[in-house]
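Protein chains in written order, with the numbering used here: chain D, 5 to 168; chain L, 16 to 158. Down below is the structure, laid out as structure tokens.
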Amino acid sequence: MKPAFCMMFLLLLIWPTALLRSQEPSGPVKEHIAPSESVAPVISDESLPKGARLYVAPISNGFETYITAGIEKKKVPIVIVADRTKADYELTGVSDSDRAGWAKMLFLGSQQTNEAASIKIVNLKTGNVVFAYSVNKTNSVRGKQSAGEAVAKHINEKIENRFH
Amino acid sequence: MKSFRLALLLLVALAPVAVSQDAVDKVVPAGSKVFIATMENGFDDYLKAALQVKKVPLVVVDNKDSADFEISGHSDTQKASTAKKVIMLNWQSNEQASIQVVNLKTSQVAFAYSVNKQSSAHGKKSTAEACAKHLKEKIESKK
Numbered sequence: 005m006k007p008a009f010c011m012m013f014l015l016l017l018i019w020p021t022a023l024l025r026s027q028e029p030s031g032p033v034k035e036h037i038a039p040s041e042s043v044a045p046v047i048s049d050e051s052l053p054k055g056a057r058l059y060v061a062p063i064s065n066g067f068e069t070y071i072t073a074g075i076e077k078k079k080v081p082i083v084i085v086a087d088r089t090k091a092d093y094e095l096t097g098v099s100d101s102d103r104a105g106w107a108k109m110l111f112l113g114s115q116q117t118n119e120a121a122s123i124k125i126v127n128l129k130t131g132n133v134v135f136a137y138s139v140n141k142t143n144s145v146r147g148k149q150s151a152g153e154a155v156a157k158h159i160n161e162k163i164e165n166r167f168h
Numbered sequence: 016m017k018s019f020r021l022a023l024l025l026l027v028a029l030a031p032v033a034v035s036q037d038a039v040d041k042v043v044p045a046g047s048k049v050f051i052a053t054m055e056n057g058f059d060d061y062l063k064a065a066l067q068v069k070k071v072p073l074v075v076v077d078n079k080d081s082a083d084f085e086i087s088g089h090s091d092t093q094k095a096s097t098a099k100k101v102i103m104l105n106w107q108s109n110e111q112a113s114i115q116v117v118n119l120k121t122s123q124v125a126f127a128y129s130v131n132k133q134s135s136a137h138g139k140k141s142t143a144e145a146c147a148k149h150l151k152e153k154i155e156s157k158k
């Protein structure tokens, strides 16, 4: 009975502190910027045509090559070029990998990584974002390869106007 | 009306040429000269060795100016942690790599491939040989 009482007392003592912490802003407060009427819409509904020339910009951890390989594997009907000046569209993005820790190995018996990536495709002539997509794979079976192929699959859907 | 018909005829005649040009740029012919760019963890050296082991019909050159194609890529190794060794009794590393072959004349990516090997039997050697094997298949397909 005594340990239970002690536990309850400790919980009551910690509760208000935890509550205060959760109400604190986690990062620097960003100023709200009102959208200007003169600025043209950045994200557009324009389609991504078949055979378009796409330049894949360097992404952290070499993720750009995994996207290129994914596009090749999923037979996405676009032409990838290594020279930005010869491209109609540019793909940029970020990627992050989270390796399995000892606890995950011990309790879940899994050594697979968690993968997160986000990309956007910009029309280089108009500057409009024609497509944006993010993927998060917990326990990714094939690491970055899976994330790269997911990106490629959804680019294909965008080209075929099946992306929602 | 006549000029419109003529323009239409020209368009129909030239369309397959334009389409097939992109397809031609994606072909990696046997005997092509390739330059292998420097990659992390010396993966380029493993790739050179793998191209020899798998008898890939390409000529590797050290000068990018004299090459027809450039192979660039990325490689990542996750060595077995103490936890993996103790809990799973496994000393093998997890490997992932990705390469792309760029036609230096047209700047078009002719081939790209990525590989992921959990508990790779021979580390980077396995991933490099997987890349070389698939590159050879691409060359032999002549597509």
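Glycine residues also receive a C-beta, built at the ideal position from the N, C-alpha and C atoms.
Residue i burial status per 10 Å Cβ neighbour count (16 or more: buried)
i, result
"Ile159 (chain D)", "buried"
"Leu104 (chain L)", "exposed"
"Asp59 (chain L)", "buried"
"Val74 (chain L)", "exposed"
"Thr72 (chain D)", "buried"
"Ile163 (chain D)", "buried"
"Ala112 (chain L)", "buried"
"Thr142 (chain L)", "buried"
"Leu58 (chain D)", "buried"
"Ile47 (chain D)", "exposed"
"Phe111 (chain D)", "exposed"
"Asp77 (chain L)", "exposed"
"Glu153 (chain D)", "buried"
"Asn118 (chain L)", "buried"
"Gly57 (chain L)", "exposed"
"Ile82 (chain D)", "buried"
"Glu41 (chain D)", "For Glu41 (chain D), the predicted model reports a pLDDT of 46, less than 50, meaning its position is unreliable; a value from the coordinates is still stated below. Flag for Glu41 (chain D) reads exposed."
"Glu68 (chain D)", "buried"
"Lys79 (chain L)", "exposed"
"Arg25 (chain D)", "Because Arg25 (chain D) carries a pLDDT of 47, less than 50, the predicted location of this residue cannot be relied on, and no value is offered for it."
"Lys54 (chain D)", "exposed"
"Val80 (chain D)", "buried"
"Lys139 (chain L)", "buried"
Contacts around residue i, its chain only, beta-carbon distance under 8 angstroms, and the 5 residues preceding and following it disregarded
i, result
"Ser150 (chain D)", "Glu119, Lys141 and Ser144"
"Lys132 (chain L)", "Asn109, Glu110, Gln111, Ser141, Thr142 and Ala145"
"Gly147 (chain D)", "Ser101, Gln116, Thr117 and Glu119"
"Ser135 (chain L)", "Gln107, Ser108, Asn109, Glu110, Ser141 and Thr142"
"Val34 (chain L)", "Reliability fails at Val34 (chain L), whose pLDDT of 48 lies under 50, so the model's placement of it is uncertain and the value that follows must be treated cautiously. Taken in chain order, the list of residues that qualify is empty."
"Asn165 (chain D)", "Ser51"
Residue i and residue j closer than 7 angstroms at C-beta
i, j, result
"Val155 (chain D)", "Ile123 (chain D)", "yes"
"Asp83 (chain L)", "Ser122 (chain L)", "no"
"Val101 (chain L)", "Leu150 (chain L)", "no"
"Thr96 (chain D)", "Ala61 (chain D)", "yes"
"Tyr93 (chain D)", "Ile63 (chain D)", "no"
"Ser99 (chain D)", "Asn132 (chain D)", "no"
"Lys41 (chain L)", "Ala147 (chain L)", "no"
"Ala98 (chain L)", "Met109 (chain D)", "yes"
"Tyr70 (chain D)", "Ser96 (chain L)", "no"
"Glu171 (chain D)", "Ala127 (chain L)", "The structure shown does not extend to residue 171 (chain D), since chain D is modelled only from 5 through 168, so no value can be given for it."
Boundaries (first-last residue) of the beta strand (DSSP E) holding residue i
i, result
"Val101 (chain L)", "Note, Val101 (chain L): premise wrong, no beta strand (DSSP E); alpha helix (DSSP H) at Thr97 to Met103."
"Phe135 (chain D)", "Val133 to Ser144"
"Ala120 (chain D)", "Thr117 to Asn127"
"Ile84 (chain D)", "Val83 to Val85"
"Phe111 (chain D)", "Where Phe111 (chain D) is concerned, there is no enclosing beta strand (DSSP E), given that its DSSP letter is neither H nor E."
"Lys48 (chain L)", "Lys48 to Ile51"
"Lys80 (chain D)", "The question names Lys, yet the displayed sequence has Val at residue 80 (chain D). Val80 (chain D) -> no beta strand (DSSP E), and no H or E assigned at all."
"Val43 (chain L)", "That residue, Val43 (chain L), is in no beta strand (DSSP E); it is neither H nor E in DSSP."
Same chain, Cβ closer than 6 angstroms to residue i, neighbours up to 5 away in sequence not counted
i, result
"Gly88 (chain L)", "Met54, Ser113 and Ile114"
"Ala56 (chain D)", "Ile82, Asp92 and Tyr93"
"Glu50 (chain D)", "Val134"
"Ser90 (chain L)", "Met54, Glu55, Asn56, Phe58 and Ala112"
"Ser138 (chain D)", "Ser122"
"Lys157 (chain D)", "Lys78"
Start and end residues, alpha helix (DSSP H) containing residue i
i, result
"Leu95 (chain D)", "Taken as a continuous stretch (DSSP letters only), Leu95 (chain D) belongs to no alpha helix (DSSP H), being part of the beta strand (DSSP E) at Tyr93 to Asp102."
"Asp91 (chain L)", "Per DSSP, Asp91 (chain L) belongs to no alpha helix (DSSP H); it is in the beta strand (DSSP E), Phe84 to Gln93."
"Asn160 (chain D)", "Lys148 to Ile163"
"Lys63 (chain L)", "Phe58 to Val68"
Contacting residues, own chain, Cβ-Cβ under 7 angstroms from residue i (five flanking each side not counted)
i, result
"Ile51 (chain L)", "Asp59, Leu62, Lys63, Val75 and Ile86"
"Ala104 (chain D)", "Ser114, Gln115, Gln116 and Thr117"
"Lys157 (chain L)", "Val42"
"Ser81 (chain L)", "Lys48"
"Leu128 (chain D)", "Ala91, Asp92, Tyr93 and Glu94"
"Leu66 (chain L)", "Leu73, Val75 and Ala147"
"Lys69 (chain L)", "Glu144, Ala147, Lys148 and Lys151"
"Gln93 (chain L)", "Ser108 and Asn109"
"Lys153 (chain L)", "Val43 and Phe126"
In chain order, which beta strand (DSSP E) runs of at least 3 residues are fully inside the region 44-75 of chain D?
Listed in chain order, they are 57-60.
Entirely enclosed beta strand (DSSP E) segments - the region 118-151 of chain L, minimum 3 residues
124-135
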